[in-house]
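Here's the structure we're looking at; comments come further down.
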Amino acid sequence: MSYTLGSPAHFDILVFRSGRVAIVDFYADWCGPCKSLTPILEKAINSFGNGKVILVKVNINEFEELARNYNVSSIPDIRVFKDGEIVESFKGFRPENEINSLVQRFAN
Amino acid sequence: MSTNNYNWIDDNEPEQGEYDFDLFVIGGGSGGLACSKEAAILGKKVGVCDFVVPSPQGTKWGLGGTCVNVGCIPKKLYHQGALIGETLHDAKIYGWQLPDNIQHNWQQLCGVVQDHIGSLNWAYKTELRSKTVQYFNSYAVFIDAHTIELTDIKKNKQQIRSRRFVIATGGRPKYPDIPGAREFGITSDDIFSLSNAPGKTLVVGASYVALECAGFLKGLGFDVSVMARSILLRGFDQQIAEMIGNYMQRIGIKFIKPAIPSKIEKQSDSKLVASWQDESTKQIVSETFDTILFAIGRDAETTKIGLDKAGVQVDNVTGKIPTIHERTNVPHIYAIGDILLAKPELTPVAIQAGRFLARRLYSNSRLPMDYINVPTAVFTPIEYGACGYSEEDAIKQFGEQNIDVYHSYYKPLEWKVCEHRPNNVCYTKIIVNKLDNQRVIGFHLLGPNAGEITQGFAVAIKAGATYEIFSNTIGIHPTTAEEVTDLSVTKSSGKSAEKAGC
Numbered sequence: 251m252s253y254t255l256g257s258p259a260h261f262d263i264l265v266f267r268s269g270r271v272a273i274v275d276f277y278a279d280w281c282g283p284c285k286s287l288t289p290i291l292e293k294a295i296n297s298f299g300n301g302k303v304i305l306v307k308v309n310i311n312e313f314e315e316l317a318r319n320y321n322v323s324s325i326p327d328i329r330v331f332k333d334g335e336i337v338e339s340f341k342g343f344r345p346e347n348e349i350n351s352l353v354q355r356f357a358n
Numbered sequence: 272m273s274t275n276n277y278n279w280i281d282d283n284e285p286e287q288g289e290y291d292f293d294l295f296v297i298g299g300g301s302g303g304l305a306c307s308k309e310a311a312i313l314g315k316k317v318g319v320c321d322f323v324v325p326s327p328q329g330t331k332w333g334l335g336g337t338c339v340n341v342g343c344i345p346k347k348l349y350h351q352g353a354l355i356g357e358t359l360h361d362a363k364i365y366g367w368q369l370p371d372n373i374q375h376n377w378q379q380l381c382g383v384v385q386d387h388i389g390s391l392n393w394a395y396k397t398e399l400r401s402k403t404v405q406y407f408n409s410y411a412v413f414i415d416a417h418t419i420e421l422t423d424i425k426k427n428k429q430q431i432r433s434r435r436f437v438i439a440t441g442g443r444p445k446y447p448d449i450p451g452a453r454e455f456g457i458t459s460d461d462i463f464s465l466s467n468a469p470g471k472t473l474v475v476g477a478s479y480v481a482l483e484c485a486g487f488l489k490g491l492g493f494d495v496s497v498m499a500r501s502i503l504l505r506g507f508d509q510q511i512a513e514m515i516g517n518y519m520q521r522i523g524i525k526f527i528k529p530a531i532p533s534k535i536e537k538q539s540d541s542k543l544v545a546s547w548q549d550e551s552t553k554q555i556v557s558e559t560f561d562t563i564l565f566a567i568g569r570d571a572e573t574t575k576i577g578l579d580k581a582g583v584q585v586d587n588v589t590g591k592i593p594t595i596h597e598r599t600n601v602p603h604i605y606a607i608g609d610i611l612l613a614k615p616e617l618t619p620v621a622i623q624a625g626r627f628l629a630r631r632l633y634s635n636s637r638l639p640m641d642y643i644n645v646p647t648a649v650f651t652p653i654e655y656g657a658c659g660y661s662e663e664d665a666i667k668q669f670g671e672q673n674i675d676v677y678h679s680y681y682k683p684l685e686w687k688v689c690e691h692r693p694n695n696v697c698y699t700k701i702i703v704n705k706l707d708n709q710r711v712i713g714f715h716l717l718g719p720n721a722g723e724i725t726q727g728f729a730v731a732i733k734a735g736a737t738y739e740i741f742s743n744t745i746g747i748h749p750t751t752a753e754e755v756t757d758l759s760v761t762k763s764s765g766k767s768a769e770k771a772g773c
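As they're listed, the protein sequences go chains Y and F.
In case it helps, our numbering puts the first sequence at residues 251 to 358.
In case it helps, our numbering puts the second sequence at residues 272 to 773.
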């Protein structure tokens, strides 16, 4: 499942209390690479997520304080949360095969 | 004023204790951001506020000031869009089998430009945070000489006390005082983010903003007219200004001059009607346009920020702030950027002034800002780069008999194979002071890439290069810049400045 963050409280529920691995996608409307990466993430979650991995899309202009708390500067900035901790992260575009393996790894 | 008898310590007030900040900068544009970051790097507690009052058409933007949002950056990208259109005309000659009648998509270009601006707004915010400058998205008004009141978008207010202030509030486009101007006209505040293509456009004004906007709109395929009250590019070299006007006419921009609009109305089909008095017949004439863009000058943002409460003097005529080494009449209140009286309104000038000021205040630096020989470029369809005196200013300053003007027309090699590219539109001249070893005191170049070319020559002028040094410098071939090192014909010799061939 892919979620677009609707409120800061929503973040806490999805990332820390859903019992899923949450891939957080910090993005902005003006960011070209984000526009390319987000659909790849969504497709990977649908195909390989297995109900165990979710995508949480966070618009950094809408949720500036949240982005600031996580020290987001350049984007896309991807953080993988498992059991309340960030276990993996990267910045910038990644190709489809890499994203697919990432999701597959956390779905098992 | 020389730096010898200038008092670098602004007053005897206590440095610490009762203030929230060491330095508070009002305005987050080119100057304000550069100054605040530099002061923070030097260890001071710095705050900056920035607030964009929406344009009459409702346009707003983020942190970064005029240059980033509604000035240099979008202007250059739109200009580039137009230049690419020009190159498409050359392409067939160079062998590219492009289809005829290639159209331009306004939304695509607008989207790309606005996305880039968004990334800059974010980058500036991040940078302030990383340099520990506290940022307020609020409008500042002085309550007294050491206190400002900040109001944010939700109308929340807070008061800030600071040991020193830098005013860097910049300017906004003027509207003429005629019916319909504010309701129906747009300015440079709006053009770069228009959601729909502007269509048939009237640009009112003769400033570089007017001519640059008219230029890229024409290049992108729109029907463009320019209405000017008198001369073009006042303050710039007038020989070059006239050549720019001629080139713009040649590419199909219609000039309505001398004229000023008397009113703007909107028709039921949403088209706009501009009316003006025709110079020759003295009759009132009208024409319909889709868009009317006013570029008749900019007002300094000094009227609503409570300068009277702080005791800061403002020039009556221009609304700008007189300064000496960027200090206003109030010793601990400084000003930089477009609001300064009698200083060039350019981003690099504001940035350097801001940085040098922070260093003079907070380190051992005593280096004043140098406003002489600031190079500049105008990105009209034929570009113009300049550094130093215009020809008329050089004549006024030194006397016509004491200067020489070396000049030449030229045609870029890349144009020579393209029949449609005109002759005798590219031109360069340097002005030398005969009383000072033929020192180069003015540089002017009209042609493609003028901005890029002028930058290097500005260094030569700053270093005091003479005509001999210019002329002994070997040219790079084949370029257009090498024309400058080849200059040998003077205006006074009466010989032709046109070139024969390679």
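Don't be surprised by glycine CBs; every beta carbon is placed ideally from N, CA and C.
Residues near residue i in its chain [Cβ-Cβ closer than 7 Å; skip 5 each side]
| i | result |
| --- | --- |
| Arg710/F | Val703, Asn704, Gly735, Thr737 |
| Ala768/F | His678, Ser679, Tyr680, Val760 |
| Asn708/F | Thr737 |
| Ala468/F | Trp377 |
| Lys346/F | Glu483, Phe650 |
| Ala357/Y | Phe298, Gly299, Asn300, Lys302, Val303 |
| Arg453/F | Pro327, Tyr446 |
| Gly774/F | What the structure shows of chain F is the stretch from 272 to 773, and residue 774/F is not part of that stretch, so it cannot be assessed. |
DSSP bridge partner residues for residue i (one or two, in chain order)
| i | result |
| --- | --- |
| Pro532/F | Trp547/F |
| Arg710/F | Asn704/F, Thr737/F |
| Met498/F | Val475/F, Ile527/F |
| Ser339/Y | Arg329/Y |
| Leu564/F | Ile457/F, Val474/F |
| Leu294/F | Val317/F, Arg435/F |
| Gln405/F | Gly318/F |
| Asn309/Y | Tyr277/Y |
| Asp675/F | Val703/F |
| Thr761/F | Tyr677/F |
| Val649/F | Tyr655/F |
| Thr559/F | Val544/F |
| Ala606/F | Ile438/F |
Given residue i as reference, the closest of the options once Cα atoms are compared
| i | options | result |
| --- | --- | --- |
| Asp561/F | Gly318/F, Phe455/F, Ile312/F | Phe455/F |
| Ser763/F | Gln672/F, Glu690/F, Tyr681/F, Thr699/F | Gln672/F |
| Phe493/F | Leu465/F, Ile515/F, Gly523/F | Gly523/F |
| Glu335/Y | Ala294/Y, Phe266/Y, Phe261/Y, Asn319/Y | Phe266/Y |
| Ala621/F | Glu550/F, Leu758/F, Gly713/F, Glu597/F | Glu597/F |
| Ile595/F | Lys614/F, Arg400/F, Ile567/F | Lys614/F |
| Lys308/F | Trp279/F, Tyr395/F, Ile610/F | Tyr395/F |
| Gly441/F | Gly470/F, Gln726/F, Glu550/F, Gly303/F | Gly303/F |
| His375/F | Lys489/F, Ala305/F, Lys426/F | Lys489/F |
| Val324/F | Thr422/F, Gln351/F, Ala310/F | Thr422/F |
Cβ neighbours of residue i in the same chain (closer than 8 Å, five flanking residues each side left out)
| i | result |
| --- | --- |
| Cys773/F | Because Cys773/F carries a pLDDT of 49, less than 50, the predicted location of this residue cannot be relied on, and the following value inherits that uncertainty. Same-chain partners within the cutoff: Leu684, Pro749. |
| Gly314/F | Tyr633 |
| Gln538/F | Val544, Thr559 |
| Asn644/F | Cys658, Gly659, Ala729, Ile732, Lys733 |
DSSP-derived helix/strand/coil call for residue i
| i | result |
| --- | --- |
| Ala571/F | strand |
| Cys320/F | strand |
| Ile449/F | coil |
| Asn635/F | coil |
| Val271/Y | strand |
| Ser323/Y | coil |
| Leu690/F | It should be noted that the sequence gives Glu, not Leu, for residue 690/F. Reduced to three states, the DSSP call for Glu690/F is coil. |
| Arg630/F | helix |
| Ser257/Y | coil |
| Gln328/F | coil |
| Ser307/F | helix |
| Thr288/Y | helix |
| Thr589/F | coil |
| His350/F | helix |
| Leu717/F | strand |
| Leu316/Y | helix |
Contact set for residue i: own chain, Cβ-Cβ below 6 Å, skip 5 residues either direction
| i | result |
| --- | --- |
| Thr744/F | Thr756 |
| Val339/F | Leu391 |
| Asp461/F | Ser326, Gln328, Thr330 |
| Asp321/F | Gly299, Leu334 |
| Phe728/F | Phe714 |
| Ala512/F | Leu503, Leu504 |
| Ile419/F | Ala411, Phe413, Ile431 |
Which residue spans inside the segment 352–434 of chain F form an unbroken beta strand (DSSP E) run of at least 3? 404–407, 409–415, 418–423
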